[in-house]
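Chemist: Dropping a structure here in structure tokens format, bear with me for questions.
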Amino acid sequence: MVIKWILLITLVFLIFWFFKQFRQIQRKPPDTTRKVIEDMVRCAYCDVHLPKSESIVEHGRYFCCTKHRQLYSQSQPDDK
Ligand SMILES: [Zn+2]
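Given below as structure tokens:
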């Protein structure tokens, strides 16, 4: 009777442990791989590198923020 209970408790514990491990494996990879795969672009004004999704695109040029986009267009008077 006692052995039966011990086996049952160990089995429940193993299932719980396995489920916990499986959830951790499932959760971790997508976040890290997504950031690694994402294209990096360079701000045309300050040369800082940033992910393409976070950049501001204008006339095929990438900028890290709207301020740098404005400053760049001001410094390029021939670009109408
Ligand atoms: Zn910038």
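Going by UniProt numbering, the letters in the sequence shown line up with residues 1 to 80, in that order. Backbone N, C-alpha and C fix where the C-beta goes; we use that ideal spot for every residue, glycine too.
(1) Using C-beta distances below 7 Å, list every residue in its chain close to residue 45, excluding the 5 sequence neighbours before and after it, in chain order.
(2) Taking the C-alpha atoms as reference points, what is the distance between residue 20 and residue 65?
(3) Run through DSSP, which three-state label would residue 68 get?
(4) Residues bridged to residue 42 by DSSP?
(5) Taking all protein chains shown into account, do 16 or more other C-beta atoms lie within 10 angstroms of the C-beta of residue 12, making it buried, or fewer, making it exposed?
(6) Apart from the five residues on each side of it in sequence, which residues of its chain come closer than 6 Å, Cβ to Cβ, to residue 52?
Modeler: Looking at the atomic coordinates:
(1) If you number the sequence shown from 1, residue 45 lands on position 45. Contacts found: 63, 68, 71, 72.
(2) The residue you call residue 20 lines up with position 20 of the sequence shown. The residue you call residue 65 lines up with position 65 of the sequence shown. Roughly 41 Å between the two C-alpha positions.
(3) The count along the sequence shown starts at 1 and reaches residue 68 at position 68. Here residue 68 sits in helix by DSSP.
(4) In the sequence shown, residue 42 corresponds to position 42, counting from 1. Beta-bridge pairing links residue 42 to 49.
(5) Start at 1 with the first residue of the sequence shown, and residue 12 comes out as number 12. It counts as exposed.
(6) As a first step, residue 52 is located in the sequence shown; it is residue number 52 there, counting from the start. Taking C-beta separations shorter than 6 Å and ignoring five residues to either side along the sequence, the partners of residue 52 in its chain run 39, 41, following chain order.
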